[in-house]
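Numbering (this note's numbering), first residue to last: 490 to 679.
Here's the structure we're looking at; comments come further down.
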């Protein structure tokens with residue numbers, strides 16, 4: 490796999506991180522450096538780890554990841570998005586989704602990295618075995634760095650837009666998360 494292909498894969502995987510970070514930034518409306526760095530770190534870490542785990546498990550479980558990974562990602566994103574929407578209406582438009590919570594960040598990191606698991610498994614399917622360990626490590630590092638940077642960028646965009654325009658950010662964020670879940674599902678079904 491060429492360096493350019495690795496970068497393209499990194500950006501493709503980071504798009505979910507980017508979108509979810511925008512939704513989180515919309516609800517934050519302020520620059521919470523700790524939250525931005527934690528989210529970026531965990532999004533990059535989970536994208537990298539899941540790619541590596543997918544590659545390692547690809548030898549044995551590629552069929553399972555290919556069959557069910559998109560359903561898991563959809564369920565997690567739909568759950569979080571639905572919860573955001575319900576919380577928005579329960580709180581009379583005030584919202585209670587808190588992207589500053591570590592549990593929320595970790596759940597979002599897992600949800601956005603499920604497709605990285607499938608991509609890692611596909612590395613095995615295209616013949617990248619143990620004798621290509623350097624190539625896998627390079628790919629995993631590139632995926633992690635790009636996901637980290639795209640998460641930071643997404644949060645900053647979300648915060649700036651959330652500050653500038655007054656709209657129901659938690660409601661919109663929930664709809665965005667459900668939309669991303671549906672996109673992941675449709676990409677694998679169609």
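Note that beta-carbon positions come from the ideal geometry of N, C-alpha and C, so glycine has one too.
For clarity, every value in this text was computed on a predicted model and none was experimentally measured.
Using CA atoms only, rank isn't needed, just tell me which of the options is closest to residue i.
i	options	result
residue 565	677, 678 and 673	673
residue 569	679, 666, 625 and 636	666
residue 535	601, 525, 545 and 593	601
residue 648	607, 597, 553 and 512	512
residue 675	537, 655, 562 and 522	562
residue 431	646, 653, 603 and 540	Nothing about residue 431 can be read from this structure; the chain reaches only from 490 to 679.
residue 637	493, 526 and 605	526
residue 531	594, 496, 510 and 589	594
residue 524	592, 654, 653 and 609	592
residue 589	580, 529 and 540	529
residue 598	579, 533, 498 and 653	533
If you drop the 5 nearest sequence neighbours on each side, which residues of the same chain put their C-beta closer than 6 Å to that of residue i?
i	result
residue 663	570, 573 and 574
residue 567	667 and 670
residue 537	629, 632 and 633
What are the boundary residues of the alpha helix (DSSP H) that residue i is part of?
i	result
residue 622	622 to 653
residue 500	492 to 517
Quick one: what's got a C-beta closer than 8 Å to residue i's C-beta in the same chain, skipping five residues either side?
i	result
residue 678	559
residue 651	514, 515, 516, 517, 518 and 658
Pair every Cβ in the stretch 502 to 522 with every Cβ in the stretch 626 to 646, then say whether three or more of these pairs are closer than 8 Å.
yes
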